[in-house]
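Chemist: To start, I am sharing the structure in question, which I have written as structure tokens.
Number of protein chains: 2
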Amino acid sequence: MKFSPLLSELIRTLRYLPGVGQKTAQRMTFHLLERNRQGALELATALHNAMEHVQHCRQCRNFTESDLCEICASPARQQTGVLCVVETPQDVMAVEQTSEFKGLYFVLMGHLSPIDGIGPDDIGLDRLAEMLDEHPIEEVILATNPTVEGEATAHYIAQMCRSRQIKASRIAHGVPVGGELEYLDGSTLMHAFNGRREL
Amino acid sequence: MKFSPLLSELIRTLRYLPGVGQKTAQRMTFHLLERNRQGALELATALHNAMEHVQHCRQCRNFTESDLCEICASPARQQTGVLCVVETPQDVMAVEQTSEFKGLYFVLMGHLSPIDGIGPDDIGLDRLAEMLDEHPIEEVILATNPTVEGEATAHYIAQMCRSRQIKASRIAHGVPVGGELEYLDGSTLMHAFNGRREL
Chain A
1 MKFSPLLSEL
11 IRTLRYLPGV
21 GQKTAQRMTF
31 HLLERNRQGA
41 LELATALHNA
51 MEHVQHCRQC
61 RNFTESDLCE
71 ICASPARQQT
81 GVLCVVETPQ
91 DVMAVEQTSE
101 FKGLYFVLMG
111 HLSPIDGIGP
121 DDIGLDRLAE
131 MLDEHPIEEV
141 ILATNPTVEG
151 EATAHYIAQM
161 CRSRQIKASR
171 IAHGVPVGGE
181 LEYLDGSTLM
191 HAFNGRREL
Chain B
1 MKFSPLLSEL
11 IRTLRYLPGV
21 GQKTAQRMTF
31 HLLERNRQGA
41 LELATALHNA
51 MEHVQHCRQC
61 RNFTESDLCE
71 ICASPARQQT
81 GVLCVVETPQ
91 DVMAVEQTSE
101 FKGLYFVLMG
111 HLSPIDGIGP
121 DDIGLDRLAE
131 MLDEHPIEEV
141 ILATNPTVEG
151 EATAHYIAQM
161 CRSRQIKASR
171 IAHGVPVGGE
181 LEYLDGSTLM
191 HAFNGRREL
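Next up, the structure:
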């Protein structure tokens, strides 16, 4: 015996969610049918609306359903003259949660990776160039990940800034706050030593 | 900064899924937006269809979109004269996967639990009584869970069968195949001893 067609289809499509396999999808299906049909209908509507209407912000490429996202549309943020370049929308959220940074963002939605055929235009660097030309940006903070691709992307963007006489800086890499030297990998420790500051 | 309204709504509703918290919901949202919008739309449709059309089988109370489920509608199954009573649709799947049992099912969708206000009618025992009266059932196999409530439910249904001169049997509880006595709980081991069979 198999599940009825509608149940099979729901179980199959739930597996599109990351980290959800056959058993979890079955559990989700029965949970929703038995306990929360209203919630499931709300989820169906939310999925449909988000997939149909959420696009990239015209300026920073972050996800939004408006033409300009909330951050890009804020005059206070534009006045800071500081632009933070990150790889993903999740990185924007991580930086925002510190409440320290008050400038604009640019979301690459990836990183340079010639081996995968991802070049400057695929991560929107043409749009970043326009943004640097049109807005009074004074400093670009490069907050890409400390991976080989992230570093390469940061250096590429730093050169774009240099040719426009805009200051480019890289976020510090070193010992995490609360971390212990003993358990740190050598690469991070090397970064921490090379990036030392006078007290 | 918060997520845009459509993203927030999607993250909120994804949390209706069992085992999905805020962080997982965010990861799912970005995964679908970045990599599988088509799949997400399929999921939205599947959710909508299942929640709107999947109901309980008129006879066995299992989930189905037809009036009678595939098993109840099968003449071969009706002829066996054996009925297996289980607590949940997942239990039906578990028994079906053994390919041993070829009879009909009755799905309680729960168990008797006076403390939670769940009485015989809430688990469809009125419908089970009709089924026993209308169909030529010769044996009822009680496969409720070996919990206090499951045992109470099994005994209640056994009495219903007795008053109709129908044989009622309980599935065996004992040492699982592949299990080792050393690691088994006392209650299971006691069941295994009490249910011993002559060789």
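Here the protein sequences come in this chain order: A and B.
Residues 1 to 199 (the UniProt record's numbering) make up the first sequence, in order.
Residues 1 to 199 (the UniProt record's numbering) make up the second sequence, in order.
For glycine and all other residues, C-beta sits at the position ideal for the given N, C-alpha and C.
#1: Under 8 Å between C-beta atoms, does A46(B) make it to chain A?
#2: Leaving out five residues on either side along the sequence, give the residues of the same chain with a beta carbon under 8 Å from the beta carbon of P136(B).
#3: Please state if the CB of L47(A) and the CB of M39(A) are separated by a distance shorter than 8 Å.
#4: Could you tell me whether the Cβ atoms of E65(A) and S4(B) are closer together than 8 Å?
#5: In angstroms with no decimal places, state the Cα-to-Cα distance between I71(B) and D122(A).
#6: For E198(B), return the contacting residues in chain A, with the cut-off set at a CB-CB distance below 9 Å.
#7: Can you check DSSP and say which residues form a bridge with Q55(B)?
#8: What's the call for Y183(A), buried or exposed, on a 16-neighbour Cβ count within 10 Å?
#9: Ends of the beta strand (DSSP E) at F106(A)?
#10: Do Q26(A) and Q90(B) count as a contact pair if the criterion is CB distance below 8 Å?
#11: Comparing the C-beta of H31(B) with each C-beta of chain A, is any distance below 8 Å?
#12: Would you give the residue range spanned by the beta strand (DSSP E) that R12(A) belongs to?
#13: Starting from V148(A), trace the beta strand (DSSP E) in both directions and tell me its first and last residue.
#14: Please list the partners that L41(A) has in chain B, where partner means a Cβ-to-Cβ separation under 9 Å.
#15: 8 Å is my cut-off, CB to CB: does P18(A) come that close to chain B?
#16: Give the interface partners of T64(B) over in chain A, defined as CB-CB distance under 7 Å, in chain order.
#17: So is T147(B) buried or exposed if we call it buried at 16+ other beta carbons inside 10 Å?
#18: Out of curiosity, what's the CA-to-CA distance linking E151(A) and I166(A)?
#19: Relative to chain E, which residues along the UniProt domain "Toprim" (81-176) of chain A have a C-beta separation below 8 Å, given in chain order?
#20: Which residue wins for smallest C-alpha separation from residue 207(A), given the options V86(A), E96(A), D67(A) and F63(A)?
#21: Apart from the five residues just before and just after G124(A), which ones in its own chain have a Cβ nearer than 6 Å to its Cβ?
#22: Assign S187(B) to one of three DSSP states: helix, strand, or coil.
#23: Could you tell me how far apart the beta carbons of E149(B) and H111(B) are, in whole angstroms, since I believe they sit closer than 8 Å?
#24: What does R61(A) touch in chain B if you count any residue whose Cβ is under 9 Å from its own?
Modeler: So, to answer that:
#1: By one-based count along the second sequence, residue 46(B) stands at place 46. Taking CB atoms only, A46(B) has a neighbour in chain A less than 8 Å away.
#2: Within the second sequence, residue 136(B) is the residue found at index 136, counting from 1. Sequence-distant Cβ neighbours of P136(B) in its own chain, meaning closer than 8 Å and more than five residues away, are G81.
#3: Position 39 of the first sequence, counted from the start, is the residue given in the question as residue 39(A). Position 47 of the first sequence, counted from the start, is the residue given in the question as residue 47(A). Inspection of the sequence shows that residue 39(A) is occupied by Gly rather than by Met. No. Outside cutoff.
#4: Within the first sequence, numbered from 1, the residue matching residue 65(A) stands at position 65. Within the second sequence, numbered from 1, the residue matching residue 4(B) stands at position 4. The criterion of a C-beta distance shorter than 8 Å is satisfied by E65(A) and S4(B).
#5: Walking along the second sequence from the start, residue 71(B) turns up at place 71. Walking along the first sequence from the start, residue 122(A) turns up at place 122. Annotation: I71(B) to D122(A) spans about 53 Å, alpha carbon to alpha carbon.
#6: As a working note, residue 198(B) is residue 198 in the second sequence. Those within 9 Å of E198(B) in chain A number zero; the least Cβ separation is about 35 Å.
#7: Numbered from its first residue, the second sequence carries residue 55(B) at position 55. Its beta-bridge partners are T64(B).
#8: The residue you call residue 183(A) lines up with position 183 of the first sequence. By the beta-carbon neighbour count (other beta carbons within 10 angstroms, threshold 16), Y183(A) is exposed.
#9: Mapped onto the first sequence, residue 106(A) falls at position 106. Per DSSP, F106(A) belongs to the beta strand (DSSP E) from L104 to V107.
#10: Here residue 90(B) refers to the residue found at position 90 when the second sequence is read from its first residue. Here residue 26(A) refers to the residue found at position 26 when the first sequence is read from its first residue. Result yes, Cβ atoms of Q90(B) and Q26(A) sit closer than 8 Å.
#11: Within the second sequence, residue 31(B) is the residue found at index 31, counting from 1. Contacts with chain A at 8 Å (Cβ-Cβ) include H31(B).
#12: One-based indexing of the first sequence puts residue 12(A) at position 12. That residue, R12(A), is in no beta strand (DSSP E); its alpha helix (DSSP H) goes P5 to L14.
#13: Along the first sequence, one-based indexing puts residue 148(A) at 148. Secondary structure note for V148(A): it is in no beta strand (DSSP E), and the uninterrupted alpha helix (DSSP H) holding it is V148 to R162.
#14: Mapped onto the first sequence, residue 41(A) falls at position 41. In chain order: L47, H48, M51 and E52.
#15: Here residue 18(A) is taken as the residue at index 18 of the first sequence, counted from 1. For P18(A), the nearest beta carbon of chain B is closer than 8 Å to its own beta carbon.
#16: Numbered from its first residue, the second sequence carries residue 64(B) at position 64. Residues of chain A passing the Cβ test: S4.
#17: In the second sequence, counting from the first residue as 1, residue 147(B) sits at position 147. When all chains shown are included, T147(B) counts as exposed.
#18: Locating residue 151(A) in the first sequence gives position 151, counting from the first residue. Locating residue 166(A) in the first sequence gives position 166, counting from the first residue. Their Cα atoms are separated by approximately 19 Å.
#19: Given the protein chain composition of this structure (A and B), no chain E is represented.
#20: Residue 207(A) lies beyond the stretch modelled for chain A, which goes from 1 to 199, so this question has no answer here.
#21: For the purposes of this step, residue 124(A) is identified with residue 124 of the first sequence, where counting begins at 1. Result list for G124(A): R61, in chain order.
#22: As a position in the second sequence, residue 187(B) is number 187, starting the count at 1. Helix.
#23: Indexing the second sequence from 1 puts residue 149(B) at position 149. Indexing the second sequence from 1 puts residue 111(B) at position 111. Right, the Cβ-Cβ distance comes to about 4 Å (below 8 Å), so this counts as a contact.
#24: Residue numbering aside, residue 61(A) sits at position 61 when the first sequence is read from its first letter. Chain B residues near R61(A): none, gap ~12 Å exceeds 9 Å.
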